[in-house]
Amino acid sequence: MTQWTMQAWQGTPEAAAAALRNLGWFGPDEAPSALPDPRIGGFLPAAGTAMRSFDGVAYVAVAANAAIEAPPGLSPAGPELFRALLGSF
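When the count follows this note's numbering, it moves up by one through the sequence shown with no breaks and lands on 96 for the last residue.
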């Protein structure tokens, strides 16, 4: 059985979108990635949906089966912050 963990990050909407695109995410009206990262099982926001931000900060997460370093321009979102924001998606 594969073990999945949620990894949450925060940063500018531009950095968040670029980071998720590198992992296989795509926004509305975009084509799905030809080579999604095999470590990723899902995204918040979901692939095909718009990036959201609050006060200029985007909060994103991936379900991954391996550790992934925080992408450039993003920093880890602490577990309390992530749990508080999870309901907004």
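Ideal placement from N, C-alpha and C gives every residue a C-beta, glycine not left out.
Original post:
Which term fits residue 64, buried or exposed, when burial requires 16 or more other beta carbons within 10 angstroms of its beta carbon?
Top reply: For this step, residue 64 is matched to residue 57 along the sequence shown. Label assigned to residue 64: exposed.
**OP:** Please report how far the alpha carbon of residue 17 lies from the alpha carbon of residue 73, in whole angstroms.
**Re:** As a working mapping, residue 17 is identified with position 10 in the sequence shown. As a working mapping, residue 73 is identified with position 66 in the sequence shown. Straight-line Cα distance between these residues: approximately 19 Å.
**OP:** Name, in chain order, the residues that DSSP records as bridge partners for residue 16.
**Re:** Position 9 of the sequence shown holds residue 16. The partner list for residue 16 (beta bridge, DSSP) reads 67, 83.
Original post:
In whole angstroms, what is the alpha-carbon distance linking residue 35 and residue 58?
Top reply: What you label residue 35 is simply residue 28 of the sequence shown in a count that begins at 1. What you label residue 58 is simply residue 51 of the sequence shown in a count that begins at 1. Rounded to the nearest angstrom, the two C-alpha atoms are 9 Å apart.
**OP:** Work out the CA separation of residue 62 and residue 32 for me, nearest whole Å.
**Re:** Along the sequence shown, one-based indexing puts residue 32 at 25. Along the sequence shown, one-based indexing puts residue 62 at 55. Taking the straight line joining both Cα atoms gives about 23 Å.
**OP:** Please confirm whether residue 67 and residue 23 have their CB atoms less than 8 Å apart.
**Re:** As a first step, residue 67 must be located in the sequence shown, where it is residue number 60. As a first step, residue 23 must be located in the sequence shown, where it is residue number 16. In contact: residue 67 and residue 23 (Cβ atoms closer than 8 Å).
**OP:** With DSSP collapsed to three states, give me the class of residue 30.
**Re:** Translated into the one-based positions of the sequence shown, residue 30 becomes position 23. In this structure, residue 30 counts as helix in the three-state DSSP scheme.
Subject >> Nearest residue (CA-CA) to residue 56, options 10, 27, 46, 9 >> reply: The residue given as residue 56 occupies position 49 in the sequence shown. Nearest of 10, 27, 46, 9 to residue 56, Cα basis: 27.
Original post:
Anyone know if the C-beta pair for residue 71 and residue 14 falls short of 8 Å?
Top reply: Looking up residue 71 in the sequence shown gives position 64. Looking up residue 14 in the sequence shown gives position 7. The answer is yes: Cβ separation under 8 Å.
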